[in-house]
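J.:
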Amino acid sequence: MGASGFHSVAVRQALVTIGLMLTGLSAFAFATIATVRDTVQADLLHMVDTDIAGLVDVAEQGGIDELVRRIGDRADISAGWNARPYYLLLAPGGRRLAGNLPAVPPFDPAQSAQGEWNVGGDAIHVRATLLRGQYALFVGRSEAPLQEITRALTLRLLAVAALLMAAALGVALVMARRFRARIAALNDAFARFEAGDLLARPPEAAGHDEFDVLGGHVARHLERNAEFVVAQRRISDGIAHELRTPLVHLDTRLLHLIEQAGGDPAVTAELECARADIRQIVSLFEVLLDIALTETVEERQSERVDLSELVGDLADLYAASAEEAGLAFTARIAPGIELFGEPMQISRMIANLLDNALKFAPAGCSVRMSLAPGPELVVEDNGPGIREAEREHIFQRFARAADGGSPPGHGLGLSLVRVIAARHGLSIRVEDARPGARFVISRKETA
Amino acid sequence: MRTLLIEDDALTARAISETLVREGIECVWDAEAEAGLRHAATADFDVIIMDRMLPGMDGIAAIEQLRGSGIRKPVLMLSALGRAQHRVEGLDVGADDYLAKPFEPTELVARVRALHRRGAALANQPVIVHGDIEMHLKARTAYRAGQHLKLSPKEFDVLKLLMENAGQVVTRQMLLLRVWKLNFDPQTNVIDVNLVRLRRKLDEGFGQPWLETVRGKGYRLRPAHAN
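Heads up: the protein sequence lines correspond to chains Z and W, in order. Residue numbers for the first sequence follow our numbering, beginning at 3 and rising by one. Residue numbers for the second sequence follow our numbering, beginning at -7 and rising by one.
1. Reducing DSSP to helix, strand and coil, say where W/Q117 ends up.
2. What residues of chain W sit near Z/K361, judged by a beta carbon separation below 9 Å?
3. 8 Å is my cut-off, CB to CB: does W/V185 come that close to chain Z?
4. May I have the straight-line CA-CA distance separating W/T4 from Z/P248, to the nearest angstrom?
5. Note the first and the last residue of the continuous beta strand (DSSP E) segment covering Z/N120.
6. Suppose you measure from the CA of Z/G142 to the CA of Z/D75; what does that come to, to the nearest Å?
7. Quick one: grab the DSSP three-state call for Z/A363.
8. Nearest chain Z C-beta to W/N219 closer than 8 Å, yes or no?
9. I'd like to know whether the C-beta atoms of W/L153 and W/R170 end up nearer to each other than 8 Å.
10. Within 10 angstroms of its Cβ, does Z/F32 collect 16 or more other Cβ (buried), or is it exposed?
11. Look at the alpha carbon of Z/D124 and the alpha carbon of Z/A146, and state the distance between them as a whole number of angstroms.
12. Quick one: residues in its chain with C-beta nearer than 7 Å to the C-beta of Z/P204, no 5 flanking neighbours on either side, listed in chain order?
13. Just the Cα atoms here: how many angstroms apart are Z/L259 and Z/L273?
14. Check each candidate in Z/R425, Z/A278, Z/D239 and Z/L27 and name the one with the smallest Cα separation from Z/Q347.
15. Can you tell me which of the three DSSP states Z/G101 falls into?
16. Could you give the first and the last residue of the continuous beta strand (DSSP E) run that contains W/L68?
17. How is W/F198 classed by DSSP in three states: helix, strand or coil?
18. By Cβ distance, which residues of its chain are closer than 6 Å to W/W21, with the 5 residues on each side in sequence left out?
19. Between the stretch 115 to 131 of chain W and the stretch 83 to 100 of chain W, are three or more C-beta pairs nearer than 8 Å?
20. Leaving aside the five residues before and after Z/L224 along the sequence, list all residues of the same chain whose C-beta is less than 7 Å from its C-beta, in chain order.
21. With a Cβ-Cβ cutoff of 8 Å, do Z/L46 and Z/L166 count as a contact?
22. Can you list the residues of chain W that Z/R334 reaches, using a CB-CB cut of under 8 Å?
23. Check whether the Cβ of W/L143 lies closer than 8 Å to any Cβ atom in chain Z.
24. How about Z/P267: is its C-beta nearer than 8 Å to some C-beta of chain W?
25. Please identify the residue among W/D36, W/A35, W/D38 and W/E26 whose C-alpha is closest to the C-alpha of W/I52.
26. The stretch -6 to 19 of chain W: which residues have C-beta closer than 7 Å to a C-beta of chain Z, in chain order?
27. Of all the CB atoms in chain Z, is at least one closer than 8 Å to the CB of W/W172?
28. Quick one: does Z/V299 have its CB under 8 Å from some CB of chain W?
29. For W/T180, is the classification buried or exposed, using 16 other Cβ atoms within 10 angstroms of its Cβ as the cut-off for buried?
30. What residues in the stretch 38 to 51 of chain W have a beta carbon less than 8 Å from any beta carbon of chain Z?
31. So which of Z/L160, Z/P107 and Z/L416 has the shortest CA-CA distance to Z/A115?
32. Relative to the alpha-carbon of Z/Y89, which residue among Z/L57, Z/G96 and Z/Q113 has its alpha-carbon at the smallest distance?
33. With 8 Å set as the bound, which would you pick, yes or no: does the beta-carbon of W/F148 sit closer than that to a beta-carbon of chain Z?
34. Can you find a C-beta in chain Z that's less than 8 Å from the C-beta of W/R164?
35. So, Z/N354 versus Z/G438, is the Cβ gap smaller than 8 Å?
36. Considering only their Cβ atoms, is the gap separating Z/V42 from Z/I151 smaller than 8 Å?
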């Protein structure tokens, strides 16, 4: 199963990159706007001070009347400007002589005070000054251009930011997809290998980046694993073959002896016992090899198995035997439950559980089997049950019931059940059925 | 019946061929796969018995070659692996049955005879008749002396296998594998108990019983002429 959405490292990485970019861009925008504002504002102040210096000169040279005329001109001529000028000339005593300021700004001319003020919705910067020691002159400039520039700058920066973001997001998504695809190829190789495809390898590396190097490692790792699996199979096949051949010979010789005994019942019985021993040995190492091979990755022949039908058939097969053994057998099987796996192995797993129940539940008890969606398979009886201390032990190899009075068996049945279950992504546990033993096979709980 | 035995182990091969000959089945033995394949191509055999692990050529490869050259005769694979997987035992590549060593001589004979019967195209008939038993395979119904037998699906399959091999022993292993698709021996007497039930339905209330237990071997329907 692949990581998706926010769980993907690639997507998270892309988001972090974009976040960092946004932060950087904002800082840059703030710095730019502040700088531009400061420059434009300094310029405005400079204009106001130049204006005042000019008007002071006019007053010195042309007198107050000339000043009144010039102020009138300037207020008119400059009306179309962006940085609209404002003037106010007051005679001693406060009488208005000239200017377009509707009110007297609250700045002290004696101290050449300056500051921000508001005229009919227009923010202006004003400086006051005293002429000839008694006339108060106020000169101001609208700050509208400053605001205009700030606005235009902000808009442009936002547009650039949006463009950059879109580009970054696009690149990030493409990168993330490529990144994920390459990781997915590696994960896929592992998953297929685990599912039994010994030839599963990541795609051949095209370049030399970190992924290609990792891919190379994965390929070599899987290669070696496959070699181990094949070697292990060869060894266990060899063991099976080499062990079986002398046992087959032994069996053949015993059969000859039985024929030569000419029907002597005592001799025949003894020799048949010897043959039964051989079969016992064979079945023992068969199961042992089975467990060993099942525990490793192996070529699997998985298919979609109708678990409901399979369990139903086994219930059908065992019902009569249970009845024969004096047990009440019931099966409750939900229809249409499927499992991906090997039908023979699954049958064996369930048959082992049923064998176990039939073996340990005394006559008069009941044995119940149920299959529910999940899948969850339960085989339980109301017999003597299993002591708590023994519950884990019974799944270990060569485990036998502790009371010594257990029926014959090689003690590998439940161990094989556990191995087969694990191979199908299932787990088995045993519970107290109060009274009795309840074996539950269910989907492995994943953290 | 003529069989070809391809087995590298001389002692095993002798035992097998003695068993078959005793049952009136002719047996030709080859110790090597190549020789066996040549033999199979030139002479007519009813059943080919092949060991799973042969020197020089794997039993699987040998079967692939055999099928590749157009020989469709039934093949019984003798496996010393007992891995109980179709692929491993050759069923995927065209073997018709397999038997894990060591096996009972009777098991071998029963399998060979069953393969021979199947090879003789008996299975494709819509109705199988044995004595007064009649099975309609399409409708999945069975009658004895005209009376309908109420069989469960599995009982029907068991009876069908017995009918296809009427007069011959059908072993427990064969029943488990063919009817219940189980390739291992349950530790419980499930087969015997189920056969007892079938016998009740098939034979109770009728004069002559058909189904008989062959001790230590399995089950069979009596030959028709015996009734």
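Ideal placement from N, C-alpha and C gives every residue a C-beta, glycine not left out.
T.: Here's the rundown:
1. For the purposes of this step, residue 117 of chain W is taken as residue 125 along the second sequence, with counting starting at 1. Reduced to three states, the DSSP call for W/Q117 is coil.
2. Counting from one through the first sequence, the residue named residue 361 of chain Z turns up at place 359. Result: Q179 and T180.
3. By 1-based counting over the second sequence, the position of residue 185 of chain W is 193. Yes, W/V185 counts as interfacial toward chain Z.
4. To locate residue 4 of chain W, count along the second sequence from 1; it is residue 12. To locate residue 248 of chain Z, count along the first sequence from 1; it is residue 246. Approximately 10 Å, taken between the alpha carbons.
5. By 1-based counting over the first sequence, the position of residue 120 of chain Z is 118. Its beta strand (DSSP E) spans residues Q116 to V121.
6. As a position in the first sequence, residue 142 of chain Z is number 140, starting the count at 1. As a position in the first sequence, residue 75 of chain Z is number 73, starting the count at 1. For the pair Z/G142 and Z/D75, the Cα-to-Cα distance works out to about 15 Å.
7. Here the question's residue 363 of chain Z lines up with position 361 in the first sequence. Three-state result, Z/A363: coil.
8. Position 227 of the second sequence, counted from the first residue, corresponds to residue 219 of chain W. Low local confidence applies: a pLDDT of 45 at W/N219 is under 50, so the model's placement there is unreliable, with the coordinate-based value given in what follows. Output row for W/N219: interface = no.
9. The residue labelled residue 153 of chain W in the question sits at position 161 within the second sequence. The residue labelled residue 170 of chain W in the question sits at position 178 within the second sequence. Cβ distance < 8 Å, so W/L153 and W/R170 count as in contact.
10. If you number the first sequence from 1, residue 32 of chain Z lands on position 30. Its Cβ having fewer than 16 others within 10 Å, Z/F32 is exposed.
11. Residue numbering aside, residue 124 of chain Z sits at position 122 when the first sequence is read from its first letter. Residue numbering aside, residue 146 of chain Z sits at position 144 when the first sequence is read from its first letter. Approximately 7 Å, taken between the alpha carbons.
12. Here residue 204 of chain Z is taken as the residue at index 202 of the first sequence, counted from 1. Answer for Z/P204: A187, L188, A191, G217, V220 and A221, listed in chain order.
13. Reading the first sequence from its first residue, position 257 is the one you call residue 259 of chain Z. Reading the first sequence from its first residue, position 271 is the one you call residue 273 of chain Z. C-alpha separation (whole angstroms): 8 Å.
14. Counting from 1 along the first sequence, the entry for residue 347 of chain Z is found at position 345. Ranking Z/R425, Z/A278, Z/D239 and Z/L27 by Cα distance to Z/Q347 puts Z/R425 first.
15. As a first step, residue 101 of chain Z must be located in the first sequence, where it is residue number 99. Looking at Z/G101 - three-state DSSP - the assignment turns out to be strand.
16. Looking up residue 68 of chain W in the second sequence gives position 76. Counting along the chain, the beta strand (DSSP E) containing W/L68 begins and ends at V67 to S71.
17. Position 206 of the second sequence, counted from the first residue, corresponds to residue 198 of chain W. The answer is coil: DSSP assigns W/F198 none of H, G, I, E or B.
18. Within the second sequence, numbered from 1, the residue matching residue 21 of chain W stands at position 29. Cβ within range, chain order: L(-3), A5 and S9.
19. Taking a cut-off of 8 Å for Cβ pairs, the stretch 115 to 131 of chain W and the stretch 83 to 100 of chain W do not touch, as fewer than three such pairs fall below it.
20. Indexing the first sequence from 1 puts residue 224 of chain Z at position 222. So the list reads A191, F195, A202 and R203, once near-sequence residues are dropped.
21. Walking along the first sequence from the start, residue 46 of chain Z turns up at place 44. Walking along the first sequence from the start, residue 166 of chain Z turns up at place 164. No.
22. Along the first sequence, read from residue 1 onward, the residue named residue 334 of chain Z stands at position 332. Within 8 Å Cβ-Cβ: nothing; Z/R334 doesn't reach chain W, min ~18 Å.
23. Here residue 143 of chain W is taken as the residue at index 151 of the second sequence, counted from 1. Not one chain Z Cβ lies under 8 Å of W/L143.
24. Start at 1 with the first residue of the first sequence, and residue 267 of chain Z comes out as number 265. Not an interface residue.
25. Numbered from 1 along the second sequence, position 60 holds the residue referred to as residue 52 of chain W. Comparing Cα-Cα distances from W/I52 to each of W/D36, W/A35, W/D38 and W/E26, the minimum goes to W/E26.
26. D1, L3, T4 and A7
27. As a first step, residue 172 of chain W must be located in the second sequence, where it is residue number 180. So yes, W/W172 belongs to the interface.
28. Here the question's residue 299 of chain Z lines up with position 297 in the first sequence. Since pLDDT at Z/V299 reaches only 46, below the 50 mark, its modelled position is unreliable, and the value read off the structure follows with that caveat. Not closer than 8 Å to any Cβ of chain W, the Cβ of Z/V299 fails to qualify, so no.
29. Here residue 180 of chain W refers to the residue found at position 188 when the second sequence is read from its first residue. With 16 or more Cβ atoms within 10 Å of its Cβ, W/T180 is classed as buried.
30. M45
31. Here residue 115 of chain Z corresponds to residue number 113 of the first sequence, with the count starting at 1. Checked all of Z/L160, Z/P107 and Z/L416; the closest Cα to Z/A115 is Z/P107.
32. Counting from one through the first sequence, the residue named residue 89 of chain Z turns up at place 87. Checked all of Z/L57, Z/G96 and Z/Q113; the closest Cα to Z/Y89 is Z/L57.
33. Stepping through the second sequence from its first residue, residue 148 of chain W is reached at position 156. Not closer than 8 Å to any Cβ of chain Z, the Cβ of W/F148 fails to qualify, so no.
34. For the purposes of this step, residue 164 of chain W is taken as residue 172 along the second sequence, with counting starting at 1. By this cut-off, W/R164 is not an interface position.
35. As a position in the first sequence, residue 354 of chain Z is number 352, starting the count at 1. As a position in the first sequence, residue 438 of chain Z is number 436, starting the count at 1. Contact flag unset, no.
36. Residue mapping note: residue 151 of chain Z aligns to position 149 of the first sequence, counting from 1. Residue mapping note: residue 42 of chain Z aligns to position 40 of the first sequence, counting from 1. Their beta carbons are under 8 Å apart, which means Z/I151 touches Z/V42 by this criterion.
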